[in-house]
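Residue numbers for the sequence shown follow the working numbering, so the first one is 266 and each next one is one higher. Cβ coordinates follow ideal geometry from the N, Cα and C atoms, glycine included.
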Amino acid sequence: MDFIEFLKVVVLGIVEGFTEWLPISSTGHIILVDEIIHLNVTEEFMEMFRVVIQLGAILAVVVLYFRRLNPFDPGKTRGQKLATIHLWIKIAVACLPAAIFGLLFDDWMKVHLYNAYVVAAMLVVYGILFIMLENRNKYTEFPIQRTGQISYQTALYIGLFQVLALVPGTSRSGATILGAMLLGCARGAAAEFSFFLGIPVMFGASLLKLVKFGFAFSGLELFYLLAGMVIAFAVSVYSIKFLMGYIRRNDFKVFGYYRIVLGVIVLAFFTAKALIG
């Protein structure tokens, strides 16, 4: 095994772990980083790798919120167990739109939308939207302060916003957080519900990519995949804790500005590459 190649896997795992839960587009970062360091594997494996290492990031949510999400926890009252079951049903309802649209248009979007220019445009557009929304919400009292207060109807509407994240560069967490806040959710509730939605969405996306790729990995490919997942998990734990701590005292505008800067960098990088090439 080439040590340099392993370091590339480490970098990709770190980038995935940091960016998956922050509203800044993990896809945009992974595409840019992959262009710079380029892991020496087939394009088919790399496409699958980008998606499947998200499983490590998902496990971070499962571990951090295990008691909240476990309806069979013996320490919960009957009412709390029932509320947890309702939460899972709301998560399922919110995931339906993305599941339907994803299955119908995954191949089409891969051909027509997975390019640096779409990613750059979405980074900038949603960055501007975050800044505009936070300016509007400066003195807003959100009616929904906790995830348990999210209704089935609101969950479905948040799920419709999640469909927007099928366009690369949008950011799944960015689209769902933005949508949840527009629907009256406080920042903390919006972020937590976005985390929870990621569990079935990423499991489904990862399973779909694994089925399309097949399970015939070489030993080295399997090692890269597992290493990327473990690193993404460890970094995601920190990333989630950081975000929840940050938004208790701050708004999302800094992420909006960051997205705009990153979008300009992505556009400049790939434009220069096209002109030179």
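So residue i and residue j are supposed to be a Cβ contact under 8 Å. How far apart are they, rounded?
{"i": "L398", "j": "M446", "result": "6 Å"}
{"i": "I296", "j": "A430", "result": "That pair is no contact at about 15 Å."}
{"i": "S290", "j": "S436", "result": "4 Å"}
{"i": "M494", "j": "G340", "result": "So it is not a contact: roughly 30 Å between Cβ atoms."}
{"i": "V384", "j": "P433", "result": "5 Å"}
{"i": "K474", "j": "V376", "result": "Not a contact, Cβ separation roughly 16 Å."}
{"i": "G525", "j": "G344", "result": "The sequence given here places Ile at residue 525; Gly does not occur at that position. Not a contact, Cβ separation roughly 45 Å."}
Can you tell me which of the options puts its alpha carbon nearest to the alpha carbon of residue i?
{"i": "A455", "options": "L487, E270, D516 and F534", "result": "D516"}
{"i": "L532", "options": "L388, I350 and Q418", "result": "L388"}
{"i": "G463", "options": "A364, L347, K474 and K273", "result": "A364"}
{"i": "E406", "options": "R332, G453, L394 and R524", "result": "G453"}
{"i": "E270", "options": "Q345, R411 and Y489", "result": "Y489"}
{"i": "V328", "options": "R513, V519 and S501", "result": "S501"}
{"i": "F482", "options": "H303, L304 and M313", "result": "M313"}
{"i": "V390", "options": "G344, L443 and D371", "result": "L443"}
{"i": "A499", "options": "E308, W286 and A325", "result": "A325"}
{"i": "Q418", "options": "I354, W286 and L472", "result": "I354"}
{"i": "F534", "options": "I279, N400, W286 and I301", "result": "I301"}
{"i": "T441", "options": "P362, F370, K346 and D372", "result": "P362"}
{"i": "G449", "options": "N402, D371, W286 and G510", "result": "N402"}
{"i": "K477", "options": "F283, D372, K346 and T284", "result": "D372"}
{"i": "W544", "options": "K506, R513 and I530", "result": "Look at the range of the chain in this structure, 266 to 542, and you will see that residue 544 is not part of it."}
For the alpha helix (DSSP H) holding residue i, just list the boundary residues, first then last.
{"i": "R524", "result": "K518 to I541"}
{"i": "T292", "result": "S291 to I302"}
{"i": "E406", "result": "Looking at the DSSP string, E406 is not in any alpha helix (DSSP H), and its letter there is neither H nor E."}
{"i": "A359", "result": "R343 to H377"}
{"i": "A381", "result": "A381 to R401"}
{"i": "G321", "result": "Q319 to L329"}
{"i": "S438", "result": "R437 to L447"}
{"i": "T307", "result": "Unbroken run through T307: none, as it is neither H nor E."}
{"i": "G424", "result": "Y417 to V428"}
{"i": "V432", "result": "Where V432 is concerned, there is no enclosing alpha helix (DSSP H), given that its DSSP letter is neither H nor E."}
{"i": "A277", "result": "The residue you asked about is not Ala; residue 277 is Leu in the sequence shown. Residues F268 to T284."}
Report yes if the CB atom of residue i is closer than 8 Å to the CB atom of residue j, and no otherwise.
{"i": "L277", "j": "V298", "result": "yes"}
{"i": "E486", "j": "F268", "result": "no"}
{"i": "F461", "j": "I423", "result": "no"}
{"i": "L508", "j": "G293", "result": "no"}
{"i": "G521", "j": "F426", "result": "no"}
{"i": "A359", "j": "A420", "result": "yes"}
{"i": "P547", "j": "S438", "result": "Lying before the first or after the last residue shown, residue 547 is absent from the chain, which here runs from 266 to 542."}
{"i": "E281", "j": "I318", "result": "yes"}
{"i": "V306", "j": "A492", "result": "no"}
{"i": "Q410", "j": "A348", "result": "no"}
{"i": "G413", "j": "L334", "result": "no"}
{"i": "P465", "j": "I350", "result": "no"}
{"i": "I541", "j": "I279", "result": "no"}
{"i": "F366", "j": "V428", "result": "yes"}
Any beta carbon from chain C within less than 8 Å of residue i's own beta carbon?
{"i": "S416", "result": "In the structure shown, chain C cannot be found, because there is only a single protein chain."}
What are the start and end residues of each continuous alpha helix (DSSP H) run of 4 or more residues lying completely inside the region 460 to 491, in chain order? none
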